[in-house]
Every structure is written in structure tokens, then in C-alpha cells.
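The structure appears right after this line, and notes come after that.
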């Protein structure tokens, strides 16, 4: 499916101290067994593909792991952190306490250069969903040389109470990116709930109080 192996991609520089990490491990390991091992794909611990992925080539097993490993590095570099749990958002897929939350992916059936990414928040009222999906979009498309796709389309699962407005915003970001070839900048101070960074590497949001 992929034009080149993920294992040949150059290393992505990682941020060793993230202001949202709260000193917790980011490698997926823990002493209480609350997380699956890094590099694993446990179907019962990840969301079922939703409507945005229906009819497309959903990534499973090693293919899911390969892209999600790249995602973890990109989120680390751009600071896409879940402020409630204090960890890299990619780690949510390994969190056994929230088996219906996280990202699933599918290669677009009409265009194999496009990847669809569907985010399932931990709750239908997740206050961070807006910032997390916009941070994800900026990380994947702002660092598109790190993966195989020309575009990563991001949507929130309809179970979130603001999914319609959030997905409208994501469609707008996507249209601007396709028109200009550049990821639209995030206004400073917007997007509460994530440590997502802008193109200049500065923090562009504040931690959620929730």
C-alpha cells in the first residue's frame, strides 16, 4: 500500500520535556498494565471504524501500527497532547481504560494519496476535541514529508455533541490547505486543551481546566 517503508523514514526529533506531560511516560509503558504495549494493535482496545471511514481501506494490524508510530512522533514534535491525561494524544489508542477512544485510519478509496483519520473522543462532551483534531490536522499536514500521504483528512466521530461544527471547521482548514499548499496558522491563544504548536514551534494554546 505504501510507496516506501516507514522504517526507512528519517528519525523525527522528539521533545523530551513537554509542558503537558506531567512527568508521565510517553512510551506507552506503565506499571499498572493500563496500556497496551507500544507497536501493538489490539482490536478490542481501539474504536470501531465509523461513518467517515466507511467504504474505504481501513488500516489494520501492522499497517495501522506503522502509521500510528509516525503519528506519535509527529504529535510529540508538535506538542499534540491530551491535557486531561497528560500524554501524547497518540497514546490514547493504547489506553485500555478508553477502548472506544482514539484514532482510526483509512486510505481513501478514490485517491490513495489521501488518508482519512477519524477521532473518537473519550466522551461526547470532551472539551478538548476542537483543539485536538485541529492540532492533529496541523501535525499531519504540516509535516507531510514524514509520511506517505499528500493529504490527511480529519473528522470527529458524530458521537461528539459538537461534531457538526467541528467537522465544518476541519473542512475549511482542509480547503485552505489544498488551495494554498500551506497549513493555515492557528491564532495565538486559541484551541484550549492541547499543547499543539504552530508552524514556528511556539505553543499556541492553553491547558484545559477540565
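Residue numbers (full-length UniProt numbering): 1 to 210.
Each residue gets a CB set at the ideal place from its N, CA and C atoms; glycine is no exception.
Residue 72 by DSSP, collapsed to three states: which one? As a first step, residue 72 is located in the chain shown; it is residue number 72 there, counting from the start. Helix.
List the whole-angstrom C-beta distance separating residue 121 from residue 101, where the pair is believed to meet the contact cut-off of C-beta under 8 angstroms. As a working note, residue 121 is residue 121 in the chain shown. As a working note, residue 101 is residue 101 in the chain shown. That pair is a contact at about 6 angstroms.
Around the Cβ of residue 71, are there at least 16 other Cβ atoms within 10 angstroms (buried) or fewer (exposed)? Start at 1 with the first residue of the chain shown, and residue 71 comes out as number 71. Residue 71 comes out buried.
What does DSSP give as the partner residue(s) for residue 118 in the beta ladder? If you number the chain shown from 1, residue 118 lands on position 118. 104 and 155, per the DSSP bridge assignment.
Take every Cβ of the segment 126-140, pair it with every Cβ of the segment 152-168, and state whether three or more of those distances are shorter than 8 angstroms. yes
With a 10 Å radius around its C-beta and 16 neighbouring C-beta atoms as the bar for buried, classify residue 181 as buried or exposed. To locate residue 181, count along the chain shown from 1; it is residue 181. Exposed: under 16 other Cβ atoms inside 10 Å.
Could you pull the start and end residues of the alpha helix (DSSP H) that residue 133 belongs to? Here residue 133 refers to the residue found at position 133 of the chain shown. Here the alpha helix (DSSP H) through residue 133 covers 129-142.
Does DSSP put residue 87 in a helix, a strand or coil? Start at 1 with the first residue of the chain shown, and residue 87 comes out as number 87. Three-state DSSP puts residue 87 in a strand.
Residue environment, residue 49, which counts as buried when at least 16 other CB atoms sit within 10 Å: For this step, residue 49 is matched to residue 49 along the chain shown. Its Cβ being crowded by 16 or more others within 10 Å, residue 49 is buried.
Whole angstroms are fine: how far does the CA of residue 145 sit from the CA of residue 160? Along the chain shown, read from residue 1 onward, the residue named residue 160 stands at position 160. Along the chain shown, read from residue 1 onward, the residue named residue 145 stands at position 145. A direct Cα-to-Cα measurement between residue 160 and residue 145 gives close to 31 angstroms.
Given a threshold of 16 other Cβ atoms within 10 Å of its Cβ, counted over all protein chains shown, does residue 40 qualify as buried or as exposed? Here residue 40 corresponds to residue number 40 of the chain shown, with the count starting at 1. Sixteen is the threshold: since fewer than 16 other Cβ atoms of the shown chains lie within 10 Å of the Cβ of residue 40, the residue is exposed.
Please report how far the alpha carbon of residue 168 lies from the alpha carbon of residue 37, in whole angstroms. As a first step, residue 168 is located in the chain shown; it is residue number 168 there, counting from the start. As a first step, residue 37 is located in the chain shown; it is residue number 37 there, counting from the start. One Cα belongs to residue 168, the other to residue 37, and the distance between them is close to 35 angstroms.
Bridge partners - residue 46, DSSP secondary structure assignment: Residue numbering aside, residue 46 sits at position 46 when the chain shown is read from its first letter. DSSP, once it has assigned bridges, lists no residue as partnering residue 46.
The alpha helix (DSSP H) enclosing residue 167, as first and last residue numbers: Taking the first residue of the chain shown as 1, we reach residue 167 at position 167. 163-180 is the extent of the alpha helix (DSSP H) around residue 167.
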